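The next block holds one structure in the form of structure tokens; read it before the comments.
Number of protein chains: 2
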Amino acid sequence: MSKFLEAINFDEKFSRLSEYWKPKIIAQMNDYHFKITKLQGEFVWHKHDDTDEVFIVLEGEMSIAFQEGAVILKQGEMFVVPKGLEHKPIAKDECKVMLVEPAGTINTGDAGGEMTAEDNVWI
Amino acid sequence: MSKFLEAINFDEKFSRLSEYWKPKIIAQMNDYHFKITKLQGEFVWHKHDDTDEVFIVLEGEMSIAFQEGAVILKQGEMFVVPKGLEHKPIAKDECKVMLVEPAGTINTGDAGGEMTAEDNVWI
Numbered sequence: 232m233s234k235f236l237e238a239i240n241f242d243e244k245f246s247r248l249s250e251y252w253k254p255k256i257i258a259q260m261n262d263y264h265f266k267i268t269k270l271q272g273e274f275v276w277h278k279h280d281d282t283d284e285v286f287i288v289l290e291g292e293m294s295i296a297f298q299e300g301a302v303i304l305k306q307g308e309m310f311v312v313p314k315g316l317e318h319k320p321i322a323k324d325e326c327k328v329m330l331v332e333p334a335g336t337i338n339t340g341d342a343g344g345e346m347t348a349e350d351n352v353w354i
Numbered sequence: 232m233s234k235f236l237e238a239i240n241f242d243e244k245f246s247r248l249s250e251y252w253k254p255k256i257i258a259q260m261n262d263y264h265f266k267i268t269k270l271q272g273e274f275v276w277h278k279h280d281d282t283d284e285v286f287i288v289l290e291g292e293m294s295i296a297f298q299e300g301a302v303i304l305k306q307g308e309m310f311v312v313p314k315g316l317e318h319k320p321i322a323k324d325e326c327k328v329m330l331v332e333p334a335g336t337i338n339t340g341d342a343g344g345e346m347t348a349e350d351n352v353w354i
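Same order as they appear, the protein sequences are chains E and C. Going by the numbering used here, the letters in the first sequence line up with residues 232 to 354, in that order. Going by the numbering used here, the letters in the second sequence line up with residues 232 to 354, in that order.
Structure below.
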């Protein structure tokens, strides 16, 4: 069977991901990337001025803080963070997440800083 | 808590979906739709000339037939069908799937026919 015909398995991808808060690309659809990331602790407040951002929880639980409150996301749930809206992802315990966003989207958005991950890294 | 701050729960969405092969929209990110659909049996051969198409298996097992072979997708796996490539989704037993594709993408692509679902229906 050619490589082309292999499914992308989330568990297999996560087995090779060690760092928290460093999204890695697992698939591309048109000019969008599907990334996996492990969260634990608190991220930085930031926003993405040019795009919505999708969070899909594959394992565990997280929340996304907004100025007006927080949304809680459990396994089997997703949320679309609207373009331009300040938010801060938080996970008390380890949480495995898939992100969907345009290729080139930076994890810390407009905020920058030490939690900024290298862009365009596949796993 | 405002409606804005509610997660989208896949089980809750599927609990209101009865028909097979009729994708319903559960979320929008920029100009892309996230749709859920239940598969059982064989779909029609078709292609999407303008876009890739993502399949994420949430429960069960399916395959996608291509001219050169088939890819098998189980729960926790995804696949990106390349733009313009003829394919036919198949599920021996009921399979729950999330699709990601541009808003306006028709389920039967270039093929049309009786399995064509109404576009732009939210659940």
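The beta carbon of each residue, even a glycine, is placed where N, CA and C say it ideally should be. Quick caveat, the model's predicted, so the values are computed rather than measured.
Backbone CA spacing between residue i and residue j [nearest angstrom]
i: G291 (chain E); j: V302 (chain E); result: 14 Å
i: A348 (chain C); j: N338 (chain C); result: 6 Å
i: M346 (chain E); j: K255 (chain E); result: 14 Å
i: K266 (chain C); j: E325 (chain E); result: 27 Å
i: A238 (chain E); j: S294 (chain C); result: 10 Å
i: F245 (chain E); j: T268 (chain E); result: 8 Å
i: M260 (chain C); j: E332 (chain E); result: 8 Å
i: V288 (chain C); j: D280 (chain E); result: 31 Å
i: F310 (chain E); j: Q306 (chain C); result: 20 Å
i: E250 (chain E); j: L270 (chain E); result: 9 Å
i: G335 (chain E); j: Y263 (chain E); result: 9 Å
i: K356 (chain E); j: K278 (chain E); result: It is not possible to answer for residue 356 (chain E), since the shown part of chain E is limited to 232 through 354.
i: E299 (chain C); j: L304 (chain E); result: 39 Å
i: G272 (chain C); j: K234 (chain C); result: 37 Å
i: A344 (chain E); j: G343 (chain C); result: Before going on, a small fix: residue 344 (chain E) reads as Gly here, not Ala. Their Cα atoms are separated by approximately 50 Å.
Residue i - DSSP class collapsed to helix/strand/coil
i: K314 (chain E); result: coil
i: E189 (chain C); result: The structure shown does not extend to residue 189 (chain C), since chain C is modelled only from 232 through 354, so no value can be given for it.
i: E308 (chain C); result: strand
i: E284 (chain E); result: strand
i: F274 (chain E); result: coil
i: D242 (chain E); result: helix
i: L248 (chain C); result: coil
Outcome for residue i when other beta-carbon atoms lying within 10 angstroms are tallied against a minimum of 16
i: V285 (chain C); result: buried
i: G340 (chain E); result: buried
i: K327 (chain E); result: buried
i: V352 (chain E); result: exposed
i: D283 (chain C); result: buried
i: F274 (chain C); result: buried
i: F241 (chain C); result: buried
Residue-chain proximity (residue i, chain D), Cβ-Cβ < 8 Å
i: I267 (chain C); result: The chain inventory of the structure shown lacks chain D, comprising the protein chains E and C.
Own chain, CB closer than 6 Å to residue i, minus 5 neighbours either side, in chain order
i: F297 (chain C); result: H318
i: E308 (chain E); result: V288
i: K253 (chain C); result: A348
8 Å Cβ shell around residue i - same chain, five flanking residues per side excluded
i: R247 (chain C); result: I354
i: A258 (chain C); result: I239, H264 and F265
Proximity test, residue i beta-carbon vs the ligand SAH heavy atom, cut-off 7 Å
i: A238 (chain E); result: The ligand SAH is not part of the structure shown, which contains no ligands of any sort.
Proximal residues to residue i (C-beta, below 7 Å), its chain only, five neighbours per side dropped
i: P313 (chain C); result: D283
i: P320 (chain E); result: L270, F274, M293 and I295
i: D350 (chain E); result: G335 and I337
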